[in-house]
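First residue of the sequence shown: 16, per our numbering; consecutive thereafter.
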Amino acid sequence: MSRATHAVKEPLLNQQAPDLTDPQTARKLSDGLPAGIRILEALNLNREQQAWLLGLSVRSLQRAGTERGPTLTQDQLTRLSLVVGIYKALNILYDKPTTVGWLKRANDRYPFGGKTPFEYMSESGIPAMYTTRQLLDADRSGMFSVTPEARKAASDFETVVDL
């Protein structure tokens with residue numbers, strides 16, 4: 016099979032990562048910030064917590080909700096992408112009440128070590144956000160099988176936690 020034929024049959028394998036150094040690409044991807052804010056609101060995080068995870072000021076988050084937000088840096092775009100991936104995985108793995116409280120619930124599982132996933136990610140930044148996403152993606156793939164019993168047990172936890 017020729018390379019051109021292969022490209023037609025496997026279009027997702029031939030996609031390139033966006034060039035985050037290109038100002039037009041960064042601007043276009045930055046337009047996803049309001050959606051990222053809504054995701055973090057759905058996960059029950061306040062503005063300060065949202066700003067911390069996204070690497071932005073609270074004022075930038077407020078502006079993004081009412082007008083065109085800032086053009087995000089590579090770091091901030093990476094954080095936004097990780098937040099979207101974490102949210103997607105949580106919604107695939109768990110029911111809504113469990114998903115809403117997951118970031119603020121203490122977790123004994125590695126790598127959290129008894130901390131909440133939010134604490135872990137806010138203390139260690141992008142590497143911790145990436146590790147959290149990898150863990151959830153592994154759960155989604157069945158690498159760490161989430162049994163129906165484990166899902167039931169997780170949904171029985173209280174989801175409202177004040178930090």
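C-beta: ideal position from N, C-alpha, C; glycine also.
The structure presented is a predicted model; accordingly, all values stated were derived computationally and were not measured.
*If we count the other Cβ atoms within 10 Å of its Cβ and call it buried at 16 or more, is Pro33 buried or exposed?*
exposed
*Would you give the residue range spanned by the alpha helix (DSSP H) that Leu69 belongs to?*
Arg62 to Leu69
*Can you tell me which of Gly157, Pro126 and Ser72 puts its alpha carbon nearest to the alpha carbon of Thr146?*
Pro126
*Uninterrupted beta strand (DSSP E) stretches inside the stretch 95 to 163 (no shorter than 3 residues)*: none
*Whose C-beta lies closer than 7 Å to the C-beta of Thr93 among residues of the same chain, with five residues either side of it excluded?*
Ile141
_My output table needs one value for Thr20: the three-state DSSP class, helix, strand or coil._
Any reading at Thr20 is ruled out, since the residue's pLDDT is 49, under 50, leaving its predicted position unreliable.
*Going by C-alpha distance, which of Asn61, Leu35, Ser45 and Ser75 is nearest Phe133?*
Asn61
*Ordered along the chain, which non-local residues of its own chain (more than five positions away) have a Cβ less than 6 Å from that of Leu44?*
Leu92
*From Thr114 to Val73, what does the alpha carbon distance come to, in whole angstroms?*
24 Å
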